[in-house]
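Working notes, beginning with the structure itself.
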Amino acid sequence: MRKLYGERRTALLGVLEEAFGDGWRACGDAAGLYFSVEFKARRFDEAFIKRCRGNGIRITSVECHAIQKSRHSNKLLLGLGHLEPREIREGVLLLRSVIKEA
Numbered sequence: 038m039r040k041l042y043g044e045r046r047t048a049l050l051g052v053l054e055e056a057f058g059d060g061w062r063a064c065g066d067a068a069g070l071y072f073s074v075e076f077k078a079r080r081f082d083e084a085f086i087k088r089c090r091g092n093g094i095r096i097t098s099v100e101c102h103a104i105q106k107s108r109h110s111n112k113l114l115l116g117l118g119h120l121e122p123r124e125i126r127e128g129v130l131l132l133r134s135v136i137k138e139a
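In structure tokens:
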């Protein structure tokens, strides 16, 4: 399982780099099936999350889980455990298009 999840993690980090260049930073990506991604100069509100869900992207903001609000509005929580590398790639590229629309 470690190898499988490692491949998915590598796929996710690779497509994030491809899609967003250096405009992001992963947090907590060394372990687990979820990690947060901080985007420079971005803010994600509930309307953005709804827009993502309307486009078939199941995503949540770190802000929604934060005790202190307004400190994490530029971070999204991404999961990879249930997705194949192809699905990860498609999802991140779709996320990029939704971010560009916003």
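Going by the numbering used here, the letters in the sequence shown line up with residues 38 to 139, in that order.
Idealized CB from N, CA, C, for every residue including glycine.
- Shown here, residue 113 sits in a strand according to DSSP, grouped into three states.
- In this structure residue 101 is exposed. Its beta-carbon is surrounded by fewer than 16 other beta-carbon atoms within 10 angstroms.
- A contact is defined here as three or more CB-CB pairs under 8 Å, and the segment 46-57 meets this definition with respect to the segment 116-128.
- A buried status is given to residue 89, since no fewer than 16 other beta-carbon atoms sit within 10 Å of its beta-carbon.
- In this structure, DSSP gives residue 85 a helical state, which the three-state scheme calls helix.
- Excluding residues up to 5 positions away in sequence, 61, 62, 64, 111, 112 lie with their Cβ nearer than 7 Å to the Cβ of residue 75 in the same chain.
- Here DSSP, grouped into helix, strand and coil, assigns residue 121 to coil.
- By the CB criterion at 7 Å, residue 81 and residue 98 fall inside the cutoff.
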